[in-house]
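Notes follow once the structure below has been shown.
Number of protein chains: 2
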Amino acid sequence: MNATIYDIAREAGVSIATVSRVFNNNDRVTEKTRTKVLSIAKELGYHPRAQAQSLARQSTKIITAIVPIISNYFFMEVLAGMQDELANHDYDLHISNVKTTEDIYNQVEGIVKRGMSEGIIVISIHFPDDKWNELKPYDIPITLIDEYYSDFDSVSVDSTEGAYNATRFLIQQGYGKIALISAAFDSEPVKERLIGYRRALEDEGQMVDEALIVTGRDNDRDGFTEKNGYEAMKTILNMEEPPDACFCASDIQALGALKAMQDMDRSIPIIGFDDLSFSKYLGLTTMRQPMYDMGKLAIDKLIQRLKNNTKELSHTVFSPELIVRSTTPAASIAGKATSSGVNKKILT
Amino acid sequence: MNATIYDIAREAGVSIATVSRVFNNNDRVTEKTRTKVLSIAKELGYHPRAQAQSLARQSTKIITAIVPIISNYFFMEVLAGMQDELANHDYDLHISNVKTTEDIYNQVEGIVKRGMSEGIIVISIHFPDDKWNELKPYDIPITLIDEYYSDFDSVSVDSTEGAYNATRFLIQQGYGKIALISAAFDSEPVKERLIGYRRALEDEGQMVDEALIVTGRDNDRDGFTEKNGYEAMKTILNMEEPPDACFCASDIQALGALKAMQDMDRSIPIIGFDDLSFSKYLGLTTMRQPMYDMGKLAIDKLIQRLKNNTKELSHTVFSPELIVRSTTPAASIAGKATSSGVNKKILT
DNA sequence: CTGAAAGCGCTTACAG
DNA sequence: CTGAAAGCGCTTACAG
Numbered sequence: 127m128n129a130t131i132y133d134i135a136r137e138a139g140v141s142i143a144t145v146s147r148v149f150n151n152n153d154r155v156t157e158k159t160r161t162k163v164l165s166i167a168k169e170l171g172y173h174p175r176a177q178a179q180s181l182a183r184q185s186t187k188i189i190t191a192i193v194p195i196i197s198n199y200f201f202m203e204v205l206a207g208m209q210d211e212l213a214n215h216d217y218d219l220h221i222s223n224v225k226t227t228e229d230i231y232n233q234v235e236g237i238v239k240r241g242m243s244e245g246i247i248v249i250s251i252h253f254p255d256d257k258w259n260e261l262k263p264y265d266i267p268i269t270l271i272d273e274y275y276s277d278f279d280s281v282s283v284d285s286t287e288g289a290y291n292a293t294r295f296l297i298q299q300g301y302g303k304i305a306l307i308s309a310a311f312d313s314e315p316v317k318e319r320l321i322g323y324r325r326a327l328e329d330e331g332q333m334v335d336e337a338l339i340v341t342g343r344d345n346d347r348d349g350f351t352e353k354n355g356y357e358a359m360k361t362i363l364n365m366e367e368p369p370d371a372c373f374c375a376s377d378i379q380a381l382g383a384l385k386a387m388q389d390m391d392r393s394i395p396i397i398g399f400d401d402l403s404f405s406k407y408l409g410l411t412t413m414r415q416p417m418y419d420m421g422k423l424a425i426d427k428l429i430q431r432l433k434n435n436t437k438e439l440s441h442t443v444f445s446p447e448l449i450v451r452s453t454t455p456a457a458s459i460a461g462k463a464t465s466s467g468v469n470k471k472i473l474t
Numbered sequence: 127m128n129a130t131i132y133d134i135a136r137e138a139g140v141s142i143a144t145v146s147r148v149f150n151n152n153d154r155v156t157e158k159t160r161t162k163v164l165s166i167a168k169e170l171g172y173h174p175r176a177q178a179q180s181l182a183r184q185s186t187k188i189i190t191a192i193v194p195i196i197s198n199y200f201f202m203e204v205l206a207g208m209q210d211e212l213a214n215h216d217y218d219l220h221i222s223n224v225k226t227t228e229d230i231y232n233q234v235e236g237i238v239k240r241g242m243s244e245g246i247i248v249i250s251i252h253f254p255d256d257k258w259n260e261l262k263p264y265d266i267p268i269t270l271i272d273e274y275y276s277d278f279d280s281v282s283v284d285s286t287e288g289a290y291n292a293t294r295f296l297i298q299q300g301y302g303k304i305a306l307i308s309a310a311f312d313s314e315p316v317k318e319r320l321i322g323y324r325r326a327l328e329d330e331g332q333m334v335d336e337a338l339i340v341t342g343r344d345n346d347r348d349g350f351t352e353k354n355g356y357e358a359m360k361t362i363l364n365m366e367e368p369p370d371a372c373f374c375a376s377d378i379q380a381l382g383a384l385k386a387m388q389d390m391d392r393s394i395p396i397i398g399f400d401d402l403s404f405s406k407y408l409g410l411t412t413m414r415q416p417m418y419d420m421g422k423l424a425i426d427k428l429i430q431r432l433k434n435n436t437k438e439l440s441h442t443v444f445s446p447e448l449i450v451r452s453t454t455p456a457a458s459i460a461g462k463a464t465s466s467g468v469n470k471k472i473l474t
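As you go down the protein sequences, you meet chains A and B in turn.
Take the position in the first sequence, starting the count at 1, then add 126; the result is the number in this note's numbering.
Take the position in the second sequence, starting the count at 1, then add 126; the result is the number in this note's numbering.
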């Protein structure tokens, strides 16, 4: 069952060039020859070997996605979008995940150098400009997701704006003292969300109370875990003077925070960030990142560039969209029962 | 920056064989030669091309995972386990997803034939035995996840047993009339769960009431969606004589079902199936599938076989573990308030 | 329409 | 320790 083009050629009484042409749908082959080759190929279970084609064609038809870790809802949704878009094109998807415990740049560079793929999508990896710059000479198209660098195509979300709007929304709903559940402080999106949070408060003439910026102890996945949110909310609810409402850096943490409220039988309004597929079913108000679309668009951009490397750079920055659900009732009505079953009680 | 082994050899004044040996850590190279080659390689940004190595070595160092669709929590957790285990080995992960709208077998066979990888993991794809048998002659190790075929290594979960125990648990908790929220009836795991559900009722001397077996209209992802569960639960709660409790074929549907209960401000005990990472934070009682471990184990088995193809076949069948949380209080106390905030009211 | 031959970038016995 | 050469399985000008 490991027939090669030579076996087919011999059996069919043609040259290997002809066999190759048949499999490449080259029209300069008689129908008769084609039929014969195909039937023999089928008989012998022949199929062109991917690596040999890649080498001879100098093109691998593979796109590599580099991700820091796979078990994360954000990546999953992005990946889903990538897969769906890829289905429309003649490329295979290869996934390389880099260990965040080792030098990330070296790992990324290694993947780029190996030349396994024709194009690369880097998801949620943050480098200073000079590092990205070092990657340019390899001359392989790179598209960034959740990151910006001037010389590569990119698609990202304005986290600062999202955090700003989330915080303002809470203020508009009538809440004065707003906490922030943060994730790892050295995470790039977290930094941006912190800026938006601070800016919103400042624009309202409020002093930022650093004690109100909390995060859980769990630092797995940069703190973007249910557990982290759970711990953070416990901290918040145990404060001497708890806040009136809370902006949470991610939906997954918000889920943990919601559970903490239930366990303590208390509740404060909360808004998340992401809009994961299950958030709708949690009644969670959140700032939506179009993750699936980001994945699709990134593949689209990369493939466009693969076709035409001279096309101008394209940077797309999505604005997170406010999705109001039931975890953020207006302060004026917050004392009353809500149908969500979540905000049963508002702390005073 | 597209230096090849020839460029390095020329610059270093050695043969390409020597350069190759340096990069393969062959010890029959003088330290001096090695150092020189390495420094020139670094200077020229050289790195062995993956495809060329694969072709020459007749080994690709790639494992392909074939999945029907990626945006599914089950796959995501399995994939996470695979990635983590793979990190301990010298293999790259390639992901091919097959379209369920086209002939799945042909797609799988095509992937196998292309010879891109040395080993294949097939996740949640179900074929009759003769189809799996057709794949044997290709002589590439295949490990099945969530499926069983006698001649390939496999790791799966006993869905029937899980459903049986879930149903019995509900009965033991004191509920008499138990509904089943099913997903697509032609899905293999769903079929098995249905069997377990029926068997449990029969063992209790109950007639199976077909009207109590419902599913939502949403048939995306075989019906394993929040939406499907939401719809199904609405149907259930709108019955003339609603059931006392409900076994749900998946946690993701259970999440939708929980939301339906909230929206209708009613509630019945519910048990799910999967134990997704967020289920804990929903307080959802469920039958746990060790998805992450399944992924790890599958990679482990595949790599063992890659090392020694004569080792005997290994089939692992996990038993789902009952995880009791707050959505399934005993009937005797169900009327009282629970701290979960979910079972606020039990239908009578 | 078809074939002979070079080339893709490596690895690896075989000699020395 | 090192090199010359064959080979991995294809593709693709170049001729005819």
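The C-beta atom is built at its ideal place from N, Cα and C for all residues, glycine as well.
TODO: Can you have a look at LEU439 (chain B) and say buried or exposed, based on whether 16 or more other CB atoms are within 10 angstroms of its CB?
DONE: If you number the second sequence from 1, residue 439 (chain B) lands on position 313. LEU439 (chain B) is exposed by the Cβ-count criterion.
**Prompt:** Cα-Cα, which of B:LEU402, B:LYS360, B:ILE271 and B:THR412 is closest to ASP392 (chain B)?
**Reply:** As a first step, residue 392 (chain B) is located in the second sequence; it is residue number 266 there, counting from the start. For the sequence presented, residue 392 (chain B) should be read as Arg rather than Asp. The shortest C-alpha separation from ARG392 (chain B) is found at B:LYS360.
| Is it a yes or a no for the stretch 257-270 of chain A touching the stretch 356-374 of chain A, going by three-plus beta-carbon pairs under 8 Å? | no
Please determine, among B:GLY207, B:VAL148 and B:THR351, the residue with the shortest C-alpha to C-alpha distance to VAL281 (chain B). Here the question's residue 281 (chain B) lines up with position 155 in the second sequence. Ranking B:GLY207, B:VAL148 and B:THR351 by Cα distance to VAL281 (chain B) puts B:GLY207 first.
Original post:
Over what stretch of residues does the beta strand (DSSP E) that includes GLU273 (chain A) continue unbroken?
Top reply: Here residue 273 (chain A) refers to the residue found at position 147 when the first sequence is read from its first residue. Careful: GLU273 (chain A) lies outside any beta strand (DSSP E) and carries neither H nor E.
Can you tell which of B:ASP400, B:ILE297 and B:GLY322 has the C-alpha that lies nearest to the C-alpha of ASP377 (chain B)? Start at 1 with the first residue of the second sequence, and residue 377 (chain B) comes out as number 251. Residue B:ASP400 is the option with its Cα nearest to ASP377 (chain B).
Next on the checklist: Mapping the DSSP letters down to three states, classify THR454 (chain A) as helix, strand or coil.
Outcome noted: Along the first sequence, one-based indexing puts residue 454 (chain A) at 328. Coil, per DSSP.
- Query: Going by the CB atoms, is the gap between GLU357 (chain A) and LEU381 (chain A) shorter than 7 Å?
  - Reply: By 1-based counting over the first sequence, the position of residue 381 (chain A) is 255. By 1-based counting over the first sequence, the position of residue 357 (chain A) is 231. Contact: no.
Less than 7 Å separating the beta-carbons of ILE394 (chain A) and ALA371 (chain A)? Counted from its first residue, the first sequence places residue 394 (chain A) at position 268. Counted from its first residue, the first sequence places residue 371 (chain A) at position 245. A contact, by the Cβ cut-off of 7 Å.
_Neighbour flag for LYS471 (chain B) against chain A, beta carbons, 7 Å_ = Reading the second sequence from its first residue, position 345 is the one you call residue 471 (chain B). In this predicted model, LYS471 (chain B) has a pLDDT of only 36, less than 50, meaning its place in the structure is not dependable enough to derive any value.
So if DSSP puts ARG414 (chain B) in a beta bridge, which residue, or which two residues, is it bridged to? Counting from 1 along the second sequence, the entry for residue 414 (chain B) is found at position 288. BP columns for ARG414 (chain B) point to B:ASP400 and B:GLU447.
Next item on the list: Return the residue from the list B:THR269, B:ASP284 and B:SER285 that minimises the CA-CA distance to PHE278 (chain B).
Entry: The count along the second sequence starts at 1 and reaches residue 278 (chain B) at position 152. Considering only alpha carbons, the answer is B:THR269.
Fill in: Segment limits, beta strand (DSSP E) that includes ILE188 (chain B)
For the purposes of this step, residue 188 (chain B) is identified with residue 62 of the second sequence, where counting begins at 1. 188-193 is the extent of the beta strand (DSSP E) around ILE188 (chain B).
Discussion item. Any beta carbon from chain B within less than 7 Å of LYS462 (chain A)'s own beta carbon?
Written reply: In the first sequence, counting from the first residue as 1, residue 462 (chain A) sits at position 336. The predicted model places LYS462 (chain A) with a pLDDT of 48, which falls under 50 and marks its position as unreliable, so this point remains unresolved.
Where DSSP assigns a beta bridge to MET350 (chain A), which residues make up the other side?
If you number the first sequence from 1, residue 350 (chain A) lands on position 224. Checking the displayed sequence, the identity of residue 350 (chain A) turns out to be Phe instead of Met. Beta-bridge pairing links PHE350 (chain A) to no other residue.
Exercise. Between VAL155 (chain A) and THR144 (chain A), what straight-line distance do the alpha-carbon atoms span, to the nearest angstrom?
Worked result: Mapped onto the first sequence, residue 155 (chain A) falls at position 29. Mapped onto the first sequence, residue 144 (chain A) falls at position 18. Approximately 7 Å, taken between the alpha carbons.
- [ ] Tell me whether ASP312 (chain A) is buried or exposed, calling it buried when 16 or more other Cβ atoms sit within 10 Å of its Cβ.
- [x] On the first sequence, position 186 is the one that residue 312 (chain A) refers to. It is exposed - the Cβ of ASP312 (chain A) has fewer than 16 other Cβ atoms within 10 Å.
Could you please tell me which residues of the stretch 425-448 of chain B, in chain order, have their CB closer than 8 Å to any CB of chain A?
none
Given that a residue counts as buried once 16 or more other Cβ atoms are within 10 Å of its Cβ, and exposed if not, what is MET420 (chain A)? By 1-based counting over the first sequence, the position of residue 420 (chain A) is 294. Buried, by the Cβ-count rule.
Quiz prompt | Within chain A, the residues that HIS173 (chain B) reaches when beta carbons sit closer than 8 Å | solution = Here residue 173 (chain B) corresponds to residue number 47 of the second sequence, with the count starting at 1. Per Cβ cutoff of 8 Å: GLY236, LYS239, ARG240 and GLY241.
What number of angstroms, rounded off, separates the C-alpha of PHE200 (chain A) from the C-alpha of ASP344 (chain A)? The residue labelled residue 200 (chain A) in the question sits at position 74 within the first sequence. The residue labelled residue 344 (chain A) in the question sits at position 218 within the first sequence. Roughly 18 Å separates the two Cα atoms.
- [ ] Would you verify that the beta carbon of MET359 (chain B) is, or is not, closer than 7 Å to some beta carbon of chain A?
- [x] Residue numbering aside, residue 359 (chain B) sits at position 233 when the second sequence is read from its first letter. Output row for MET359 (chain B): interface = no.
- Message: Quick check: what's the CA-CA separation for GLY355 (chain B) versus VAL163 (chain A)?
- Response: Here residue 355 (chain B) corresponds to residue number 229 of the second sequence, with the count starting at 1. Here residue 163 (chain A) corresponds to residue number 37 of the first sequence, with the count starting at 1. Rounded to whole angstroms, GLY355 (chain B) to VAL163 (chain A) spans 52 Å at the Cα level.
Among the candidates A:ASP348, A:ASP216 and A:TYR274, whose CA atom is the shortest distance from the CA of SER308 (chain A)? The count along the first sequence starts at 1 and reaches residue 308 (chain A) at position 182. Answer by Cα proximity: A:ASP348.
**Message:** Can you give me the C-alpha to C-alpha distance between SER445 (chain B) and SER285 (chain B), rounded to a whole angstrom?
**Reply:** The sequence position of residue 445 (chain B) within the second sequence is 319, counting from 1. The sequence position of residue 285 (chain B) within the second sequence is 159, counting from 1. Their Cα atoms are separated by approximately 8 Å.
Taking Cβ positions only, does ASN223 (chain A) come closer than 7 Å to chain B?
Within the first sequence, the letter at position 97 stands for residue 223 (chain A). At least one chain B Cβ lies under 7 Å of ASN223 (chain A).
Inset, instruction - Would you mind telling me which residues of chain A sit closer than 7 Å to LEU219 (chain B), beta carbon to beta carbon, in chain order? - result: Sequence index remark: in the second sequence, residue 219 (chain B) carries index 93 (1-based). Ordered by position in chain A, the residues that pass the 7 Å Cβ test against LEU219 (chain B) are ILE221.
Host alpha helix (DSSP H) of ILE394 (chain A) (start-end): Here the question's residue 394 (chain A) lines up with position 268 in the first sequence. Looking at the DSSP string, ILE394 (chain A) is not in any alpha helix (DSSP H), and its letter there is neither H nor E.
- Item | Beta-carbon contacts of LYS470 (chain B) that lie in its chain and below 6 Å, excluding the five residues immediately before and after | Here residue 470 (chain B) corresponds to residue number 344 of the second sequence, with the count starting at 1. Unreliable placement is indicated for LYS470 (chain B), whose pLDDT of 36 sits below 50; the coordinate value is still reported in the next sentence. Contacts found: SER393.
- With a Cβ-Cβ cutoff of 7 Å, do GLN177 (chain A) and SER180 (chain B) count as a contact? In the first sequence, counting from the first residue as 1, residue 177 (chain A) sits at position 51. In the second sequence, counting from the first residue as 1, residue 180 (chain B) sits at position 54. Cβ atoms of GLN177 (chain A) and SER180 (chain B): closer than 7 Å.
is_contact[GLY467 (chain B), chain A] using C-beta, thresh 7 Å: For the purposes of this step, residue 467 (chain B) is taken as residue 341 along the second sequence, with counting starting at 1. For GLY467 (chain B), the predicted structure reports a pLDDT of 37, less than 50, and the residue's modelled location is therefore unreliable. A value from the coordinates is still provided. Yes - at least one Cβ of chain A is within 7 Å of the one on GLY467 (chain B).
- What's the gap between the Cα of VAL204 (chain A) and the Cα of MET417 (chain A)? Along the first sequence, one-based indexing puts residue 204 (chain A) at 78. Along the first sequence, one-based indexing puts residue 417 (chain A) at 291. If you take the alpha carbons of VAL204 (chain A) and MET417 (chain A), they lie about 5 Å apart.
(Q) For a quick check, are the C-beta atoms of ILE304 (chain A) and GLU330 (chain A) less than 7 Å apart? (A) Within the first sequence, residue 304 (chain A) is the residue found at index 178, counting from 1. Within the first sequence, residue 330 (chain A) is the residue found at index 204, counting from 1. No. Outside cutoff.
Subject >> Three-state class that DSSP yields for ASP389 (chain A) in the structure shown >> reply: As a first step, residue 389 (chain A) must be located in the first sequence, where it is residue number 263. Reduced to three states, the DSSP call for ASP389 (chain A) is helix.
- Task: Might you give, ordered along the chain, the residues of its own chain that have their beta carbon closer than 7 Å to the beta carbon of TYR132 (chain A), omitting 5 neighbours on each side?
- Result: Reading the first sequence from its first residue, position 6 is the one you call residue 132 (chain A). Hits under 7 Å: ILE142.
### Task
Please name the residue in B:LYS239, B:PRO194 and B:PRO254 whose C-alpha comes closest to that of GLU228 (chain B).
Here residue 228 (chain B) is taken as the residue at index 102 of the second sequence, counted from 1. It is B:PRO194.
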